[in-house]
Structure formats: C-alpha cells, structure tokens
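**Q** Got a structure for you, questions after.
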Ligand code: FPP
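Residue numbers (the working numbering): 3 to 261.
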C-alpha cells in the first residue's frame with residue numbers, strides 16, 4: 003500500500019468507525035445478511051491491521067448497538083458468534099503487536115460466553131501499549147449518558163462531589179472512555195448521514211467522513227482516502243481561521259486546547 007500521500011506527523015490519534023451496510027452488501031448479492039457480517043469481519047481485520055501499520059493509536063469500532071438487540075434472533079446469534087470467533091482468533095496477534103482491547107457499552111446484556119471471551123482478551127491485553135482497539139458492544143451514546151449520570155449521581159450522594167463542582171472534565175471521566183482521547187475522525191460507511199447513537203459526548207469536535215462504500219467492501223484504499231481527506235480539513239475548535247495557524251492540527255492538544 004502506497005502511503006506517500008499521508009503526512010505521518012498529522013495522523014488522527016483516534017479514528018472511530020460506524021461500520022454500516024453489511025445487510026445491503028449481502029442483499030445486492032442475493033446472500034443472507036449473515037454473509038454480509040462475515041465479510042464485514044474481514045474488513046475489521048484489515049482496518050485494525052492497517053491502523054497498526056500506519057500508527058493510529060486508538061481505533062473505535064461500532065460493532066453492536068443497543069438497538070441491534072431488536073434484530074431477529076438468528077442474526078443476533080450469528081453476530082455474537084462472529085464476535086467471539088474474532089476475539090479468540092485475534093488475541094495472539096494482539097499480544098504480538100502490543101494491541102490493547104477495550105470494550106464500551108452495557109456488557110451485562112452479552113451472552114455469557116461472549117462476555118467471558120471478551121473479558122479474557124481485555125485482561126490479557128491490558129498492558130499492551132502500541133495501539134488500543136475499542137469495541138462498542140451493546141452500546142449506544144444515550145445509554146452511556148444514562149449510565150454516566152447514575153454513576154455520578156451516586157457519587158454526589160456519597161459526598162464525593164458537590165453538584166456545583168461538576169464540570170466537563172468530571173463528566174468525561176465518568177463516560178465509558180475516561181482515558182481515551184476524543185475521536186479526531188469519525189468514518190461512516192454506506193452513505194447514511196447519521197450518527198445512529200454512537201459516541202455523542204466524545205464527537206463534539208470530530209471530523210465526519212461519510213463514504214458510500216459498504217462496510218464489507220471497505221478496504222485499505224478506502225481508509226487511506228478517508229485519512230487523506232482528514233488531513234485536508236482545517237480544524238478550528240470554535241476559533242477563527244486566522245487564529246488557527248496550523249492548517250489541520252491532528253488533535254485538540256496540537257491546537258493548544260485541552261480536551
Ligand atoms: C451494520 O450493517 C453492521 C452491524 C450491525 C454489525 C457490524 C459487525 C461486523 C462488522 C462483524 C463482526 C464484528 C467484529 C468486531 C468482528 P447493517 O446490518 O445495519 O447493514 P444494512 O444497514 O445494510 O442492513
């Protein structure tokens with residue numbers, strides 16, 4: 003893969019992806035939706051691998067939303083199976099390349115065997131330093147806010163915080179991603195112009211990139227195109243063009259603003 007169009011010094015620190023279009027990919031080919039998810043799993047492997055090679059430290063993948071529990075049982079079952087298989091198959095590679103796995107969402111709803119596998123891989127990879135892959139599983143942005151408010155409210159009740167001292171920093175620390183920088187780039191495949199209840203708090207200043215390519219077809223060249231487009235953007239974080247000297251700082255830190 004020719005990466006010469008990429009400026010290595012201005013890579014996004016965190017890329018988040020809404021992996022959409024598996025069903026449409028399958029339908030267009032007269033295949034079952036599950037076939038679309040199976041091929042989508044290959045795209046996951048390819049994109050994690052490419053992120054590692056390029057040197058993107060954080061990659062978030064929206065793999066299963068809270069709303070996805072409403073899908074037909076056989077599809078849910080197949081998705082859980084694919085997920086478990088992916089985790090078991092990739093754990094050795096995660097160790098070899100120092101990739102840490104994190105999961106966000108309501109884990110309590112996952113089937114017990116998926117949960118056990120997930121927790122085993124999270125535990126096994128916890129000290130890996132080169133890259134962090136964050137799987138959003140049984141996740142929705144609003145559900146995350148609800149869980150965050152409950153946690154924070156009970157800490158206020160215990161006297162840990164006064165209501166007046168609650169600020170953005172305290173809220174961020176109580177979300178599912180306390181030690182993860184906010185996404186610089188949010189990619190959505192399959193052309194829909196929606197956030198679909200993915201990260202809500204964290205994407206306040208993310209650059210959005212939507213491609214018509216369906217997730218099962220999303221490969222290195224599509225990812226490269228998204229990264230190149232990201233590097234063309236001018237991120238202002240609410241300031242004026244004149245104030246922003248760097249044409250496209252790759253993170254809030256680079257722009258001098260603390261997240
Ligand atoms: C959206 O396509 C995709 C999903 C609901 C699941 C994503 C899952 C994978 C890519 C496979 C396994 C995941 C991992 C992490 C190994 P859709 O079914 O909504 O497509 P449609 O909108 O075309 O119907």
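Just so it is clear, CB atoms sit at the ideal spot from N, CA and C, and this is done for glycine as well. Nothing here was measured: the structure is a model prediction, and the numbers come from that model.
Considering only the alpha carbon of each residue, which of 57, 67 and 49 lies closest to residue 140?
**A** 67
**Q** Of all the beta strand (DSSP E) runs that stay within the bounds of the segment 40-105, which reach a length of 3 or more residues?
**A** 60-67
**Q** Is residue 25 close to ligand 1? I mean its beta-carbon at under 8 angstroms from any heavy atom of the ligand.
**A** yes
**Q** Excluding the 5 residues preceding and the 5 following residue 130 in the sequence, name in chain order all residues of the same chain whose CB lies nearer than 6 angstroms to its CB.
**A** 100, 101 and 102
**Q** Decide if residue 160 is buried, meaning its Cβ has at least 16 other Cβ atoms within 10 Å, or exposed.
**A** exposed
**Q** Using the C-alpha atoms, what's the distance from residue 152 back to residue 109?
**A** 16 angstroms
**Q** Quick check on the DSSP output: the beta strand (DSSP E) that includes residue 26 runs from which residue to which?
**A** Premise fails: residue 26 lies in the alpha helix (DSSP H), 24-30, not in any beta strand (DSSP E).
**Q** Does the Cβ-Cβ distance between residue 58 and residue 15 come in under 9 angstroms?
**A** yes
**Q** Examine the Cβ distances between the segment 4-15 and the segment 31-46 and report whether three or more of them are shorter than 8 angstroms.
**A** Between the segment 4-15 and the segment 31-46 there are fewer than three C-beta pairs closer than 8 angstroms, too few to call the two in contact.
**Q** Please state whether DSSP places residue 11 in a helix, a strand or coil.
**A** helix
**Q** Please state whether the Cβ-Cβ distance between residue 96 and residue 120 is less than 9 angstroms.
**A** no
**Q** My understanding is that residue 83 touches residue 218, with C-beta atoms under 8 angstroms, so please give their C-beta distance in whole angstroms.
**A** With 8 angstroms as the limit, residue 83 and residue 218 do not qualify as a contact, their Cβ atoms being about 17 angstroms apart.
**Q** Within the same chain, show all residues whose beta-carbon is closer than 6 angstroms to that of residue 188, passing over the 5 residues directly before and after it, in chain order.
**A** If we look at residue 188 and ignore the five residues flanking it on each side, its Cβ neighbours are 18, 205, 208 and 210.
**Q** Using a 10 Å radius around the Cβ and a threshold of 16 neighbouring Cβ atoms, would you call residue 21 buried or exposed?
**A** buried
**Q** Which residues in the same chain have their Cβ closer than 8 angstroms to the Cβ of residue 8, if we skip the five residues on either side of it in sequence?
**A** Within the same chain, 56, 226, 229, 230 and 233 come within 8 angstroms of residue 8 by CB-CB distance, once the 5 residues on both sides are set aside.
**Q** For residue 133, which residues does DSSP report across the bridge?
**A** Answer is 101.
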